[in-house]
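Student:
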Amino acid sequence: MRIVIQRVSQASVTINGTCKAQIGKGYMILLGIESNDTSEDIDWLVKKIIGLRVFDDEQGIMNLDIKTIDGEILLISQFTLFASCKKGNRPSWLRAAPHNISIPLYNQFAERLTQALGKSIATGEFGADMKVALINDGPVTICIDSHNKE
Numbered sequence: 038m039r040i041v042i043q044r045v046s047q048a049s050v051t052i053n054g055t056c057k058a059q060i061g062k063g064y065m066i067l068l069g070i071e072s073n074d075t076s077e078d079i080d081w082l083v084k085k086i087i088g089l090r091v092f093d094d095e096q097g098i099m100n101l102d103i104k105t106i107d108g109e110i111l112l113i114s115q116f117t118l119f120a121s122c123k124k125g126n127r128p129s130w131l132r133a134a135p136h137n138i139s140i141p142l143y144n145q146f147a148e149r150l151t152q153a154l155g156k157s158i159a160t161g162e163f164g165a166d167m168k169v170a171l172i173n174d175g176p177v178t179i180c181i182d183s184h185n186k187e
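Here the sequence shown is numbered in my numbering, starting from 38 and rising by one per residue.
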């Protein structure tokens, strides 16, 4: 699994002209899933996300995690995180998991993230044409791959 976390002051996702979800201060997370990903990848990433200390403390130092600041999360499925552009100019999506694998893992990821955060998270709609808007706070953008733990 691969994620891109953006620290935001606000974010939203719109589908067919209707705002499906919006959050205030917290994380907008893009999630890409490969065919060989498992619930172990989910557990490892959720622990990283919840423990990540990228919010400012009283001295302006990135030292606080999302639970400490009572932040929110918007989770968006993003198969294009596994694009390969090695040959030619048209990306290949062969590394991205097919729907029968990725949909259950995406749903499981959202459930475990909700449990770990201690409150509901916002989500997009798997496979939909989504318009994501955000104000990246910092900017702070972090990429984490569960197959590159060291």
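Where a beta carbon is used, it is the ideal one built from N, C-alpha and C, also for glycine.
None of the values given here were measured: they were computed from a predicted structure.
(1) With a cut-off of 8 angstroms on the beta carbons, I'd call Val91 and Val177 a contact; round off their distance for me.
(2) Going by DSSP in three states, Lys62 sits in which element: helix, strand or coil?
(3) By a C-beta neighbour count over all protein chains shown, 10 Å radius and 16 as the cutoff for buried, is Met99 buried or exposed?
(4) Should Gly88 be labelled buried (16 or more other beta-carbon atoms within 10 Å of its own) or exposed?
(5) Quick one: Cα of Gly161 to Cα of Leu131, how far?
(6) Taking the alpha carbon of Asp166 as the point to measure from, which residue in Val50, Ile42, Glu95, Ala134 has its own alpha carbon closest?
(7) Leu171 lies in the alpha helix (DSSP H); which residues open and close that run?
(8) Considering only residues of the same chain and omitting the five flanking positions on each side of Trp81, which have a CB-CB separation below 8 angstroms?
(9) DSSP beta-bridge partners for Thr51?
(10) Just to confirm, are Asp74 and Ala134 a CB contact at a threshold of 8 angstroms?
(11) Per DSSP, Gln152 is paired with what?
(12) For Gly69, which of helix, strand or coil comes out of DSSP?
(13) So Ala58 and Ala147 are in contact, right, with Cβ under 8 angstroms, and what is the actual spacing, rounded?
Tutor: Let me lay it out:
(1) The sequence position of residue 91 within the sequence shown is 54, counting from 1. The sequence position of residue 177 within the sequence shown is 140, counting from 1. That pair is a contact at about 5 angstroms.
(2) The count along the sequence shown starts at 1 and reaches residue 62 at position 25. Of the three classes helix, strand and coil, the one that applies to Lys62 here is coil, per DSSP.
(3) Translated into the one-based positions of the sequence shown, residue 99 becomes position 62. Met99 counts as exposed, since fewer than 16 other beta carbons sit within 10 angstroms of its beta carbon.
(4) In the sequence shown, residue 88 corresponds to position 51, counting from 1. Classification of Gly88: exposed, given that the 10 Å Cβ count is below 16.
(5) Mapped onto the sequence shown, residue 161 falls at position 124. Mapped onto the sequence shown, residue 131 falls at position 94. When rounded, the distance between both Cα atoms is 23 angstroms.
(6) Taking the first residue of the sequence shown as position 1, residue 166 is located at position 129. For Asp166, the nearest C-alpha among the options comes from Val50.
(7) For the purposes of this step, residue 171 is identified with residue 134 of the sequence shown, where counting begins at 1. Element bounds for Leu171: not the alpha helix (DSSP H) but the beta strand (DSSP E), 167-182.
(8) Within the sequence shown, residue 81 is the residue found at index 44, counting from 1. Counting only Cβ-Cβ distances below 8 angstroms, and skipping sequence neighbours, we find Ser183, Lys186.
(9) Along the sequence shown, read from residue 1 onward, the residue named residue 51 stands at position 14. Paired residues: Cys56, Lys168.
(10) Counted from its first residue, the sequence shown places residue 74 at position 37. Counted from its first residue, the sequence shown places residue 134 at position 97. Yes. Within cutoff.
(11) Here residue 152 is taken as the residue at index 115 of the sequence shown, counted from 1. The partner list for Gln152 (beta bridge, DSSP) is empty, contrary to what the question assumes.
(12) Taking the sequence shown and counting its residues from 1, one reaches residue 69 at position 32. Looking at Gly69 - three-state DSSP - the assignment turns out to be strand.
(13) By 1-based counting over the sequence shown, the position of residue 58 is 21. By 1-based counting over the sequence shown, the position of residue 147 is 110. Ala58 to Ala147, Cβ: 11 angstroms. No contact.
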